[in-house]
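Below is one structure, written out as structure tokens; comments come after it.
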Amino acid sequence: MKKFLATVAAVACLASVSFAEGLATGSAVDAFYVKDVTGPAAGEKLCYRCRYGARPVVSIFTRKVDDNVASLIKQVDATVGQNSNKKMAAFVVMLTDNPEGQEGALKNVASSKGIQNTPLTVFDGEAGPGAYKIQQDSEVTVMMWVGGKLQVNEALKASDLTEARVAALVRDTAKILN
7 MKKFLATVAA
17 VACLASVSFA
27 EGLATGSAVD
37 AFYVKDVTGP
47 AAGEKLCYRC
57 RYGARPVVSI
67 FTRKVDDNVA
77 SLIKQVDATV
87 GQNSNKKMAA
97 FVVMLTDNPE
107 GQEGALKNVA
117 SSKGIQNTPL
127 TVFDGEAGPG
137 AYKIQQDSEV
147 TVMMWVGGKL
157 QVNEALKASD
167 LTEARVAALV
177 RDTAKILN
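Residue numbers (the working numbering): 7 to 184.
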């Protein structure tokens with residue numbers, strides 16, 4: 007019986023380590039580099055985390071851009087425009103093992119949706135920046151921070167990104183604007 011309880015305790019400890027839920031709110035967000043596809047630095051590698059500093063920022067990490075992701079980008083972009091007086095910023099990070107192959111799709115989304123305030127970028131690697139602990143089974147991860155500290159971290163499967171969830175995420179931007 008003692009061996010059984012010891013085994014159960016060991017498995018429970020390992021399980022708690024293995025199922026981390028991503029970067030915890032309150033954590034500092036680290037620098038990472040992307041290639042800007044549609045923003046003011048199009049064609050350049052840069053660190054938008056660094057460029058935006060302590061400003062309120064929404065970062066959308068995605069592995070694909072479907073209609074729901076495009077809707078999220080468009081609504082966040084509009085929110086950034088409405089809050090320019092608060093220096094709000096946003097950027098989208100396409101996580102891919104083929105960055106060059108995704109650039110055309112990102113340019114099409116920016117053009118067709120009229121994205122004006124939110125650079126669309128590519129990150130070389132589907133796992134994303136290591137320090138951000140992006141969950142492998144999430145299609146979209148939305149992070150919001152201000153002062154370099156994470157306030158919102160939502161990891162979603164494609165089926166979870168509904169119109170209602172997009173609206174809720176846009177409302178969550180209030181958490182970084184106050």
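Note that beta-carbon positions come from the ideal geometry of N, C-alpha and C, so glycine has one too.
Local Cβ density within 10 Å of residue i, reported as buried at 16 or more and exposed below that
i    : result
K41  : buried
D83  : buried
N184 : exposed
M7   : Only weak support is given to the placement of M7: the predicted model assigns it a pLDDT of 49, under 50, and the question is left unresolved by the model.
N159 : buried
S90  : exposed
K9   : Its pLDDT being 49, under 50, K9 is placed unreliably in this model, and the value from its coordinates should be taken loosely. The residue is exposed, with fewer than 16 neighbouring Cβ atoms inside 10 Å.
A96  : buried
G87  : exposed
E169 : exposed
E27  : exposed
N45  : Sequence check: residue 45 is Gly here, not Asn. Its Cβ being crowded by 16 or more others within 10 Å, G45 is buried.
Selection from the options that minimises the alpha carbon distance to residue i
i    : options                : result
L78  : V172, S117, A116, I182 : V172
Y54  : F38, V43, M94          : F38
G3   : A180, G153, Q157       : What the structure shows of the chain is the stretch from 7 to 184, and residue 3 is not part of that stretch, so it cannot be assessed.
R61  : N74, K92, K181, A34    : K92
E145 : L156, A161, Q157       : A161
K80  : L101, L112, K155       : L112
D73  : T179, A180, V115, N123 : V115
T102 : G110, T124, E132       : E132
A30  : A180, M149, R177       : M149
W151 : A174, M100, A180, Q141 : A180
T147 : K155, V75, G110        : V75
V43  : V98, L175, D178, I140  : V98
M100 : I140, N123, T85        : I140
Residue i, enclosing beta strand (DSSP E) - first and last residue
i    : result
K155 : 155-162
V43  : No beta strand (DSSP E) holds V43; DSSP gives it neither H nor E.
S65  : 63-68
Where the alpha helix (DSSP H) containing residue i begins and where it ends
i   : result
K80 : 73-88
R55 : 54-58
Worksheet entry | Inter-stretch contact (C-beta, 8 Å, three-pair minimum) for the segment 69-88 and the segment 43-55 | no
Worksheet item: Does the segment 116-135 come close enough to the segment 98-107 to have 3 or more Cβ pairs within less than 8 Å?
Response: yes
Worksheet entry | Stretch pair the segment 51-65 + the segment 161-168: three plus CB contacts closer than 8 Å | no
Worksheet item: Fully enclosed by the segment 102-181, which alpha helix (DSSP H) runs are 4 residues long or longer?
Response: 105-119, 169-178
Practice prompt. May I ask you to verify whether the segment 115-123 touches the segment 136-146, counting CB pairs closer than 8 Å and requiring at least 3?
Written response: no
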